[in-house]
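Everything below concerns the one structure shown next.
And the structure:
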């Protein structure tokens, strides 16, 4: 899962909202389909319109398009799959599972990639319902198709949630065996243990990851992330030195986080500003500035960065900006504005528990 959500001092960090399990919980955009025989070559199909709406966070609009495709008995597999994604976006996970089951019904055993893709989505929906046994069962179906680290990782996380630490560790070990060069697997295992206040156990997997060598250029970046999680900020920065000289975008963003972690928000802002100047606009960079400016108690500057990020023509990452906007208004003492922003946030992200807690806090002031 590309996944994915840590809270620090009630502020979203912008690098994933409360940990989601990896790639499957993310929204995958499908390639454009050929126009139907009754549509012009440049006219979008209902499925394409729906997927564009999903990308923009318009889940109700997306669902309407997918339902229209289903009513026409058109591309049922992708329409049901898309409907499931829309329901997930609205936090209606039971409906999402039903839609994914309908999509699976449109496949056959030869369509292994399609089935695996939909099963991952179904697992995501079950996981978000805290149906850990159901999630494990779906992961088993995935593993019957292919022994993938993602499915083993998610299985381990479910066992950890169930309190079966032995089964969790067994599946985590199998996950890293299945994908020994996948740093994300190690990092996500760490996050799973961290959520259970077992960071020391998770750190054992990070230490394993430091021994992994994929031979790829991004090894240094991933090792910097590992050292960052181990709170060895000096070594994390050292790993990024070469990438920073090359003006690598991911390295600039991570260095911004490192400076914030060592309580140097001014240099953190400089990293994000360098990213904006040399790489281009990025919601992640704007959100980094928001966090650094709030650390400096410069809430007006933080809100200005929020506005710039929200003006971008993309939805990815905006949830973190909108959440931090609420927090900035709270710190300014503008609780009426914070409450109004929280109401908008809950309309857009009704399933977000952290947002709900903020909203309830503001209602009770």
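In our numbering, the protein residues as written are 4 to 368.
All residues carry an ideal CB built from backbone N, CA and C; glycine is no exception.
Quick caveat: nothing in here was measured; it's all calculated off a predicted structure.
Query                                                                                                                                                                                           : Result
For the stretch 113-126 against the stretch 145-153, do three or more pairs of beta-carbon atoms, one drawn from each stretch, fall closer than 8 angstroms, so that the two count as touching? : yes
How many angstroms separate the CA atom of residue 260 from the CA atom of residue 138?                                                                                                         : 33 angstroms
Taking the straight line between their C-alpha atoms, what separation do you get for residue 82 and residue 265?                                                                                : 48 angstroms
Rounded to whole angstroms, what's the CA-CA distance from residue 225 to residue 73? Just pull it up for me.                                                                                   : 43 angstroms
Which value, in whole angstroms, describes the spacing of the CA atoms of residue 328 and residue 309?                                                                                          : 7 angstroms
Since residue 302 contacts residue 331 with CB under 8 angstroms, what's their CB separation in whole angstroms?                                                                                : 5 angstroms
Quick one: Cα of residue 149 to Cα of residue 241, how far?                                                                                                                                     : 38 angstroms
Closest to residue 233 by C-alpha separation, out of 207, 61, 215, would be which residue?                                                                                                      : 207
Let me know the secondary structure DSSP gives residue 368 once reduced to three states.                                                                                                        : coil
Taking the alpha-carbon of residue 131 as reference, which of 63, 93, 168, 238 has the nearest alpha-carbon?                                                                                    : 93
Since residue 159 contacts residue 188 with CB under 8 angstroms, what's their CB separation in whole angstroms?                                                                                : Not confirmed; about 10 angstroms, so no contact.
On a CA-only basis, which of 89, 279, 346, 299 is nearest residue 64? Give me that one, please.                                                                                                 : 89
With a 10 Å radius around its C-beta and 16 neighbouring C-beta atoms as the bar for buried, classify residue 313 as buried or exposed.                                                         : exposed
Taking the CB atoms as reference points, tell me whether residue 247 and residue 227 lie closer together than 8 angstroms.                                                                      : no
Should residue 344 be labelled buried (16 or more other beta-carbon atoms within 10 Å of its own) or exposed?                                                                                   : buried
What are the boundary residues of the alpha helix (DSSP H) that includes residue 115?                                                                                                           : 115-131
Taking a contact to mean a Cβ-Cβ separation below 8 angstroms, would you say residue 305 touches residue 311 in this structure?                                                                 : no
Who are the Cβ neighbours of residue 75 in its own chain at under 8 angstroms, not counting the five residues just before and after it?                                                         : 49
Express the C-alpha separation of residue 337 and residue 346 in angstroms, rounding to a whole number.                                                                                         : 15 angstroms
Which residue marks the beginning of the alpha helix (DSSP H) containing residue 56, and which one marks its end?                                                                               : 49-59
Report the rounded CA-to-CA distance for residue 356 versus residue 349, giving the unit in angstroms.                                                                                          : 10 angstroms
Output the distance between the C-alpha atoms of residue 365 and residue 244, rounded to the nearest integer angstrom.                                                                          : 43 angstroms
I'd like the ranges of any alpha helix (DSSP H) spanning at least 4 consecutive residues and lying wholly in the stretch 277-348.                                                               : 286-298, 302-313, 321-335
Would the stretch 193-201 count as touching the stretch 177-184 if we require 3 or more Cβ pairs under 8 angstroms?                                                                             : no
Which of the three DSSP states is assigned to residue 38 in this structure?                                                                                                                     : With a pLDDT of only 29 at residue 38, under 50, the local geometry of the prediction cannot be trusted, and the value read off the model is given with reservation. Here residue 38 sits in coil by DSSP.
DSSP state of residue 268, grouped into three classes?                                                                                                                                          : helix
CA-CA distance, residue 359 and residue 127?                                                                                                                                                    : 21 angstroms
Our contact map puts residue 286 next to residue 324 with C-beta atoms below 8 angstroms; I'd like the distance itself, whole angstroms only.                                                   : 6 angstroms
Within a Cβ cutoff of 6 angstroms, which residues of the same chain sit near residue 98, ignoring the five residues on either side of it in sequence?                                           : 90
Could you pull the start and end residues of the alpha helix (DSSP H) that residue 111 belongs to?                                                                                              : Careful: residue 111 lies outside any alpha helix (DSSP H) and carries neither H nor E.
What did DSSP end up calling residue 352 once you bin it into helix, strand or coil?                                                                                                            : coil
Please state whether DSSP places residue 71 in a helix, a strand or coil.                                                                                                                       : helix
In or out: residue 102 buried (at least 16 other Cβ within 10 Å) or exposed?                                                                                                                    : buried
Using the Cα positions of residue 273 and residue 157, report the straight-line distance between them to the nearest angstrom.                                                                  : 37 angstroms
Decide if residue 200 is buried, meaning its Cβ has at least 16 other Cβ atoms within 10 Å, or exposed.                                                                                         : exposed
For the candidate residues 281, 290, 284, whose alpha-carbon lies nearest to that of residue 271?                                                                                               : 290
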